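Enquirer: Just passing along the structure, written as structure tokens.
Residue numbers (full-length UniProt numbering): 1 to 177.
Here it is, written out as structure tokens:
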């Protein structure tokens, strides 16, 4: 008999550690890949929520139309347009202080302008939902009154449904923040 046969107890085999180590290494790499995926998904969700929260904070807030005072001014060549728009805004609950032609001397291009002072900035942001494409023009007035100036490309106000639809994602995003 050989010496190695005498040293090993009967029925025992020599074990090789290499296959077990390879199996454990593969298992550890698979666990690492799963955790990497979980953590990167969480990071993506955090970034999406931060983006939604920043857009919600930058978006105009819904205002009660009864608290909004406007002046509707016509800067287009269409006679009576300011009166028609003022009537529509009043039917939606806005307070229209003045209806007139634009006498500012500024050339209004495009859909129109929203003119406002520092106290009327949030109101002007809200009114931009009703007059999409309008240019914002801040000035130095001390009141919160916003001038809705209708330009030559004005085709109509946004419908109340369109305004409400624009405010829904904002409310949803604010609720998630």
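Idealized CB from N, CA, C, for every residue including glycine.
A quick note: this is a predicted structure, and the numbers were derived from the prediction, not measured.
Using the DSSP secondary-structure output, state which residues sit across from residue 147 in a beta bridge.
Expert: In the DSSP output, where bridge partners are listed per residue, residue 147 has 71, 115.
Enquirer: Thinking C-beta only, is residue 128 closer than 8 Å to residue 134?
Expert: In contact: residue 134 and residue 128 (Cβ atoms closer than 8 Å).
Enquirer: Go through its chain and collect everything with a Cβ distance to residue 67's Cβ below 7 Å, but skip five positions before and after it.
Expert: Excluding positions up to five away in sequence, the list is empty.
Enquirer: Got a sec, what are the start and stop residues for the beta strand (DSSP E) residue 203 sits in?
Expert: One cannot answer for residue 203 here, as it falls past the ends of the chain, which runs 1 to 177.
Enquirer: Go ahead and pull the three-state DSSP assignment for residue 106.
Expert: Three-state DSSP puts residue 106 in coil, outside helix and strand.
Enquirer: Cβ of residue 120 within 8 Å of Cβ of residue 145?
Expert: Yes, Cβ-Cβ distance for residue 120 and residue 145 is below 8 Å.
Enquirer: What's the gap between the Cα of residue 15 and the Cα of residue 42?
Expert: The alpha-carbon atoms of residue 15 and residue 42 are separated by roughly 43 Å.
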